[in-house]
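Residue numbers (the numbering used here): 59 to 302.
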């Protein structure tokens with residue numbers, strides 16, 4: 059391709075092909091075909107720039123991003139996804155997502171539903187089930203939240219999916235700690251009075267509704283007040299911990 063300048067000063071891109079033509083008089087002529095490729099070149103450059111911007115955006119985003127084709131095969135992982143999953147883009151490309159993005163239920167440890175498979179099947183945004191854990195390539199575990207959305211072409215056809223997820227391990231640990239602190243005694247680790255009353259209400263309700271049977275044990279510490287009065291509350295606390 060060549061860049062030419064027209065008489066008006068406008069610059070255009072052209073491709074030139076030539077061929078030799080011989081006529082009956084053995085004269086030799088050169089035939090040149092000139093194609094104006096300016097618009098095609100501009101479209102290619104615009105497409106390249108758009109792709110570059112998209113790649114830079116995905117590369118820089120703080121969340122983990124994985125893209126797949128319409129069959130659920132991995133196309134791309136951004137650096138955050140590489141760090142969490144333990145796979146590089148070069149290693150993961152062309153592999154099934156389930157091989158790179160392994161998720162299980164936190165409580166049952168059974169494989170969790172694949173959000174990308176659901177997204178490609180239903181053609182809509184699909185979120186991850188609650189309490190899901192990502193198991194990295196080298197055994198690391200991360201609590202994650204995510205969603206998968208379809209990638210559509212200009213004709214509306216689903217070309218693939220983009221999976222966006224982030225590590226919420228610290229948040230879930232904090233939530234569990236707050237829940238534990240709200241329902242347990244700080245000294246002994248036993249459930250506190252409010253939680254005891256809630257559990258007692260549930261037991262009574264199940265007895266009334268389903269005929270379930272429960273047992274309630276009451277433990278009294280003889281002379282516990284004497285320990286507090288003579289040895290101090292610190293000794294009483296130590297005694298409670300030992301009994302617990």
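Cβ coordinates follow ideal geometry from the N, Cα and C atoms, glycine included.
### Query
Can you give the beta carbon distance from residue 79 to residue 89, rounded, assuming they're within the 8 Å contact cut?
In the chain shown, counting from the first residue as 1, residue 79 sits at position 21. In the chain shown, counting from the first residue as 1, residue 89 sits at position 31. Between residue 89 and residue 79 the Cβ distance is about 5 Å, and since that is below 8 Å, they are a contact.
### Query
Anyone know if the C-beta pair for residue 192 and residue 142 falls short of 8 Å?
The count along the chain shown starts at 1 and reaches residue 192 at position 134. The count along the chain shown starts at 1 and reaches residue 142 at position 84. Yes, these two residues count as a Cβ contact at 8 Å.
### Query
Candidates 201, 202, 219, 203: which alpha carbon is nearest residue 209's?
Taking the chain shown and counting its residues from 1, one reaches residue 209 at position 151. When each option's Cα is compared against that of residue 209, the closest is 219.
### Task
Please list, in chain order, all residues of the same chain as residue 139 whose beta carbon is under 7 Å from its beta carbon, the five residues on each side excluded.
For the purposes of this step, residue 139 is taken as the residue at position 81 of the chain shown. Closer than 7 Å at the Cβ level, and outside the excluded window around residue 139, lie 122, 123, 124.
#### Entry: Proximity to residue 279 [Cα-Cα], best of 265, 301, 268, 224
Your numbering for residue 279 matches position 221 in the chain shown. Closest by alpha carbon: 301.
### Query
What are the residues that DSSP puts in a beta bridge with residue 160?
If you number the chain shown from 1, residue 160 lands on position 102. Answer is 193.
### Query
For residue 61, does the three-state DSSP call read helix, strand or coil?
Locating residue 61 in the chain shown gives position 3, where the first residue counts as 1. Strand at residue 61.
### Query
Which ranges would you report for the beta strand (DSSP E) in the stretch 169–241 if only whole runs of at least 3 residues count?
190–193, 199–210, 216–225
### Query
Mind checking whether residue 187 and residue 171 have CB atoms under 8 Å apart?
Here residue 187 refers to the residue found at position 129 when the chain shown is read from its first residue. Here residue 171 refers to the residue found at position 113 when the chain shown is read from its first residue. In contact: residue 187 and residue 171 (Cβ atoms closer than 8 Å).
### Task
Can you say whether residue 185 is buried or exposed, counting buried as having 16 or more other CB atoms within 10 angstroms of its CB?
For this step, residue 185 is matched to residue 127 along the chain shown. It counts as exposed.
### Task
Quick one: using the 10 Å Cβ neighbour count with 16 as the cut-off for buried, is residue 145 buried or exposed?
On the chain shown, position 87 is the one that residue 145 refers to. Under this definition residue 145 is a buried residue.
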